[in-house]
Amino acid sequence: MSTIPIFADESWRLPSRGRVAMFSLIIGESAIFTIFVVAYIYYIGRSVTGPTPQILDVPWFNTVCLLSSSIAIVFAERAIEHGRIRAFAAWWALTMLLGIVFLAGTAIEWKRLIYTNGLTIRTNLFGTTFYSLVGLHATHVVVGLLMLSLVMIFTLLGRVEQRHTQRIQVLSLYWHFVDAVWVVVFTVVYMMGK
Amino acid sequence: MQRRHSLLLTRAQVFSLALAGMGAMPSGAQGALTTPSILAPASTPAHEIYALSQFVLVITGAIFLVVGGLLAFVIIRFHARKTDAEHEPAQIYGSTQVELAWTVIPVLIVVVLFLTTARVIFAIQDAPKPQSALDVIVVGHQFWWEFRYPKLGIVTANELHVPVSTSTMPRPTFLQLLSADVDHSFWVPQLGGKTDLIPNHPNAMWIDPQSTGLYLGQCAQFCGVEHAKMLLRVYADTPDQFAAWVKAEQRPAMQPDAHNADAVAGRHVFETQACANCHTISGTAAKGTFGPDLTHLMSRATIAAGAAANTSDNLRAWIQDPNTVKPGALMPAMQLSDQETDEVVAYLTTLH
Amino acid sequence: MADQTYPIPGTLDTTPSRGAALLEWVHSWVVTVDHKKLGILYIAYALVFLLVAGVEAMAIRIQLAIPHNHFLSAELYNEFFTMHGTTMVFLVGMTLIFGFGNYFVPLMIGARDMAFPRLNAFSFWMSAFGGLLLYFSFIGGFGLYGMGSAPDVSWWAYAPLTAKAFSPGHNTDYWALALIVMGFGTLGAAINTLATAFSMRCRGMTLLRMPLFVWLMVVASADTLIVITPLTAAQVMLIIDRYLGGHFFDTQAGGSATVWMHFFWIFGHPEVYVLILPAFGIASEVIPVFSRKAIFGYPAMVAASVGIAFVSLSVWAHHMFTIGMTSVSNAFFALSTMMVGIPTGIKIFNWVATMWGGKIRFATPMLFCTAFLFQFLCAGLTGIMLAVAPWDWQLHNSYFVIAHFHYTLTGSFVFCFFAAIYYWYPKITGRMLSETLGKWHFWLFFIGFHMTFDTMHFVGFLGMPRSSYTYEPDRGWTTLNMIISAGGLIQAVAVLILVWNIIDSFLHGPLAGNDPWDAWTLEWSTPSPPPPYNFETEPVVRSRRPLWDIKHPNDPDWKYER
Chain A
1281 MSTIPIFADE SWRLPSRGRV AMFSLIIGES AIFTIFVVAY IYYIGRSVTG PTPQILDVPW
1341 FNTVCLLSSS IAIVFAERAI EHGRIRAFAA WWALTMLLGI VFLAGTAIEW KRLIYTNGLT
1401 IRTNLFGTTF YSLVGLHATH VVVGLLMLSL VMIFTLLGRV EQRHTQRIQV LSLYWHFVDA
1461 VWVVVFTVVY MMGK
Chain B
2 MQRRHSLLLT RAQVFSLALA GMGAMPSGAQ GALTTPSILA PASTPAHEIY ALSQFVLVIT
62 GAIFLVVGGL LAFVIIRFHA RKTDAEHEPA QIYGSTQVEL AWTVIPVLIV VVLFLTTARV
122 IFAIQDAPKP QSALDVIVVG HQFWWEFRYP KLGIVTANEL HVPVSTSTMP RPTFLQLLSA
182 DVDHSFWVPQ LGGKTDLIPN HPNAMWIDPQ STGLYLGQCA QFCGVEHAKM LLRVYADTPD
242 QFAAWVKAEQ RPAMQPDAHN ADAVAGRHVF ETQACANCHT ISGTAAKGTF GPDLTHLMSR
302 ATIAAGAAAN TSDNLRAWIQ DPNTVKPGAL MPAMQLSDQE TDEVVAYLTT LH
Chain C
-16 MADQTYPIPG TLDTTPSRGA ALLEWVHSWV VTVDHKKLGI LYIAYALVFL LVAGVEAMAI
44 RIQLAIPHNH FLSAELYNEF FTMHGTTMVF LVGMTLIFGF GNYFVPLMIG ARDMAFPRLN
104 AFSFWMSAFG GLLLYFSFIG GFGLYGMGSA PDVSWWAYAP LTAKAFSPGH NTDYWALALI
164 VMGFGTLGAA INTLATAFSM RCRGMTLLRM PLFVWLMVVA SADTLIVITP LTAAQVMLII
224 DRYLGGHFFD TQAGGSATVW MHFFWIFGHP EVYVLILPAF GIASEVIPVF SRKAIFGYPA
284 MVAASVGIAF VSLSVWAHHM FTIGMTSVSN AFFALSTMMV GIPTGIKIFN WVATMWGGKI
344 RFATPMLFCT AFLFQFLCAG LTGIMLAVAP WDWQLHNSYF VIAHFHYTLT GSFVFCFFAA
404 IYYWYPKITG RMLSETLGKW HFWLFFIGFH MTFDTMHFVG FLGMPRSSYT YEPDRGWTTL
464 NMIISAGGLI QAVAVLILVW NIIDSFLHGP LAGNDPWDAW TLEWSTPSPP PPYNFETEPV
524 VRSRRPLWDI KHPNDPDWKY ER
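In order, the protein sequences belong to chains A, B and C. The working numbering applies: residue 1281 is where the first sequence begins, and numbers increase by one. The working numbering applies: residue 2 is where the second sequence begins, and numbers increase by one. The working numbering applies: residue -16 is where the third sequence begins, and numbers increase by one.
Right under this line is the structure:
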């Protein structure tokens, strides 16, 4: 029933669905993190026993790694935009490497907290809120790395081309979000909380 | 027998409903009713809320009449008729003036409602505590109430006694609300609004019943399997009655009469069996705090937080297996022999 | 033009063998990524659970018809009222809005599918399996012996009742895990709806030309993003407490019971708006068509919807006036809650103004929408009463509150979605629902609804608390409870009439044609049911009522719209 009259309309442009969806996801994720951050802040100093946030060491190296991965992924985006696939692969690999270093740093930190300081998720409120919040963020890094590695595999198989720029940009939005959340987590846990 | 009674509307109910229908109610205490109606206030906070609610009812009622009337008019006036012309009605897309009008008017109504509301919030919640006030600590348990009178050294359960408070002799009762386990809510509608009892989160409220009698209420926050049978009785006593009650409660438990062999044996059973782990009877070896204080058990009209009348038969059934009276109650079946049970009941009925 | 190659669900092609064809048919529904089929799956799923929740409600009402009744045990009653609430909100409410959203958002904006068809299927199946997980609790845990381990901690599940100490077994785990799973499904559906509405519109369908149903789905989806996720976060914390020994809500270790309340109601209150906004959208489609007039004040309607969504984010603590907040907080939340009345007032006035001067046809969809207007007015006014914090100290957790939110969720939400079923059934199946049965359904449901929920206000005034499996005979609540239960029974009969109508009309109903209601939005320009690709050629629109423009070429809307 194509009887709808056709009017010569001016140019008709719509936002990319990937971008809209990723922004929506980020809004939803932000709400999750907000709840965990609020819980963390609310429970600061309310533990009845056990270690306090004084035992934390500020993870400067980790932070620098994760934040610079955001810069690396910007270079990767630029590279694919101009069709330089090899450069893209290199920057992408660097991004992943920095993410992995961050995760390893978290693992080392947790090992120390658990074995040296005796802080587990069930020790006290600090343990519960600390591992949940930092762990929630680390989970997002893991998910991000899984998606990055999918792209990496496709790149190595030679399937990623310049026309995929937009999808890569949508994915890197997520990575930027994960990094931005770290700034919040870092401030709350290692600056405010100590 | 009770059921036949309940199928008829009680007088209080007819009264409340009729008045609710008219949207107006004469002020002044009606005294205690078996229907815990919020429309029959008998204490200052309840009165203040009731007056506010009448004001709000008038405003919302007026809105209802205007908008509902408009809707009814539109339905009647503009429904399609066979005699209508064929063509579509005139299309109107909107009108800024009209829309502005029906935005501004609700804003004004909200301002008025808010100011009235805020006044009552502060009046009730931040009321100063007079010197003459009685302090009671209320502790919510699954599924019963513990009442402690710290200055009087009294601990009792499920039935709160407070003095009546008159304009010449104001004697409000200030309740501190605590919880031993999960969330509960203290609600005696004729005396005031409800306030929750939350673990780690002490709350406060106050009541000042202005006429004597028994005010009924119950737990108003779902607290587990027997939430429905966590009933609450508040007795507003005359100053003399209250003084007498305080005096009686302050005494340690009665010693069973030596002639009453069953009761003497019952006391022994009580002190040596698991009973003593959870219940206190002052002046005996029973010093448990998990269950209600039984020192003056027979001064109470009900057992099991109002689930049953306080009679020997009910006590026996309760001790044999609380789950037959109140399924889900935390007291275990005591596994006593029939004789032991009889003895314990005989002992308990001496605890006046 | 009427393309009938699209299979009508239920009509089997029996040529090879009946079994193989059936398998083929089931397979086609399981693997489908078509937004219309998924929409039908959502709606069918919701209707099945509407019946389940209805059975639970009936059991509750039988139990409460007389005092000291033993029809249900205390345990089973607690499971039933918890499951009734959880089912109605998550399995009926959320699935109905995303069901109709799925089917009609693409059709109304001239798109051929949702933005992400596979995400769409994923979202549906997540929600579906979440629901099955929730109901598996009846046979899981201790098994059918006894009463199963269905959640029994009420649908707001206040801590610390949900802690291991007070809720041993797996009742609470089923509740939390099922809601997390459904939460992911809902999140996917919301993201998909937003991406569809923003990125899939046909030529000329500017944001301010989108049908109001689409607008309200957009607003509801945006609200969903912000409020379902806090619920998921809180459930994760609860699971951490229960399985890993965490202390978020462990009051013995310094945890806080009130933090759970805040987290839950930050979700719980806006959730009501998530449900009711699409219902507003349905009313905004049905009322104009059956009044034969354009919606009055379209921009104000959009603004009011967005306004409601924003204000709804700041009112959650009106569920918590009795927890001992400071007087200033109580005053703040009283004010913010009353302010919701302003945009909702605007909407009611606009609907009435739309009917004003029209030629109103009271077909079944319009009957339901008219009743909705009346009931929503009452719900708004009782909402104002509950916003008056001191009065709420009395009314909170009484049957007055139950009456209020059933006025919004049944009297408004369910009525609007019944209207939607009568309105869009012809489009979905190609056949009309019976008007006679529809009128029976409407009047019985209307009468039963008012018997039940009007009476509940009064029993609340008389001090009857909610979530109690029985009550004392001397309280003066008995007669009223009997009336409430009788009303419930009448509503149940009405719903059975609807079920019969849906089945019977599917087989024998008169053919609908493309546009049985003489309506104006794009979905009516397609055949009924629409072909898989929806539109043969991508439509182009120039106003909010593209079909009006076609039907009145001399007097099109775009000349007048602001």
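Heads up, the beta-carbon is just placed ideally off N, CA and C, and yes, glycines get one too.
Contact annotation: in the segment 219 to 248 of chain C, residues whose CB is within less than 7 Å of a CB in chain B are 234, 239, 240 and 241.
Secondary structure remark: continuous beta strand (DSSP E) runs of at least 3 residues inside the segment 1378 to 1438 of chain A: none found. Close to residue 513/C, with beta-carbon spacing below 8 Å, lies no residue of chain A; the smallest spacing is near 10 Å.
Short of 6 Å from the beta carbon of residue 335/B, and not among the five residues preceding or following it, lie these beta carbons of its own chain, in chain order: 320.
Counting along the chain, residue 174/B sits inside the beta strand (DSSP E) bounded by residues 174 to 180. The shortest C-alpha to C-alpha distance from residue 150/C to any of 411/C, 62/C and 445/C is the one to 62/C.
Excluding sequence positions up to five before and after residue 247/B, its CB lies within less than 6 Å of the CB of 153, all in the same chain and listed in chain order. Around residue 279/B, no beta-carbon contact reaches into chain C at under 8 Å, the shortest distance being about 17 Å. At least 8 Å separates the CB of residue 1418/A from every CB of chain C. In this structure, residue 145/B keeps its C-beta atom at 8 Å or more from the C-beta atom of residue 174/B. Within the same chain, 1320, 1333, 1336, 1410, 1413 and 1414 come within 8 Å of residue 1469/A by CB-CB distance, once the 5 residues on both sides are set aside.
Counting C-beta atoms within 10 angstroms of its own C-beta, residue 332/B has 16 or more neighbours from the protein chains shown and is therefore classed as buried. Contact of residue 276/C with chain B by beta-carbon distance below 9 Å involves 89, 90, 91, 92 and 93. One finds 1294, 1295, 1296, 1297 and 1300 in chain A with Cβ atoms closer than 8 Å to the Cβ of residue 182/C, taken in chain order. Taking C-beta separations shorter than 6 Å and ignoring five residues to either side along the sequence, the partners of residue 226/B in its chain run 329, following chain order. Under the DSSP definition of a beta bridge, residue 511/C lacks any partner. Annotation: residue 41/B to residue 33/B spans about 8 Å, alpha carbon to alpha carbon. The alpha-carbon separation between residue 219/C and residue 98/B amounts to approximately 50 Å. For the set 1306/A, 1301/A and 1357/A, the Cα lying nearest the Cα of residue 1442/A is the one of 1357/A.
Note that the C-beta distance between residue 161/B and residue 140/B is not below 8 Å. Annotated as proximal: residue 43/B and residue 216/B, with beta-carbon spacing under 8 Å. Any Cβ of chain C closer than 8 Å to the Cβ of residue 127/B would place that residue at the interface, and such an atom is present.
Beyond the five residues adjoining it in sequence on each side, residue 437/C comes within less than 6 Å, by CB distance, of no other residue in the same chain.
Proximity of residue 216/C to chain A, defined by a Cβ-Cβ separation below 8 Å, is satisfied.
Judged by their CB atoms, residue 143/B and residue 224/B are nearer to each other than the 8 Å cut-off. Using a 10 angstroms sphere on the CB of residue 240/B, the tally of other CB atoms stays under 16, which defines it as exposed. Sequence-distant partners of residue 57/C (beyond 5 residues in either direction) whose C-beta falls short of 6 Å from its own C-beta, in its chain, are 452. For residue 1322/A, the chain C residues whose C-beta falls within less than 8 Å of its own C-beta are 239 and 242, listed in chain order.
The segment 53 to 128 of chain B is shown to contain whole alpha helix (DSSP H) runs of 4 or more residues at 97 to 126, in chain order. Beta-carbon to beta-carbon, residue 36/B and residue 392/C are separated by about 28 Å, too far to satisfy the 8 Å threshold. If you compare the alpha carbons of 193/C, 324/C, 48/C and 30/C with that of residue 282/C, the shortest gap goes to 193/C.
DSSP places residue 156/C inside the alpha helix (DSSP H), whose first and last residues are 154 to 182. The beta-bridge partner set that DSSP reports for residue 137/B consists of 176/B.
A distance below 8 Å separates the beta carbons of residue 254/B and residue 352/B. Looking at the DSSP output, residue 208/B sits in a beta bridge with 174/B. The segment 257 to 322 of chain B contains, as complete alpha helix (DSSP H) runs of 4+ residues, the segments 262 to 273, 276 to 279 and 313 to 321 (chain order).
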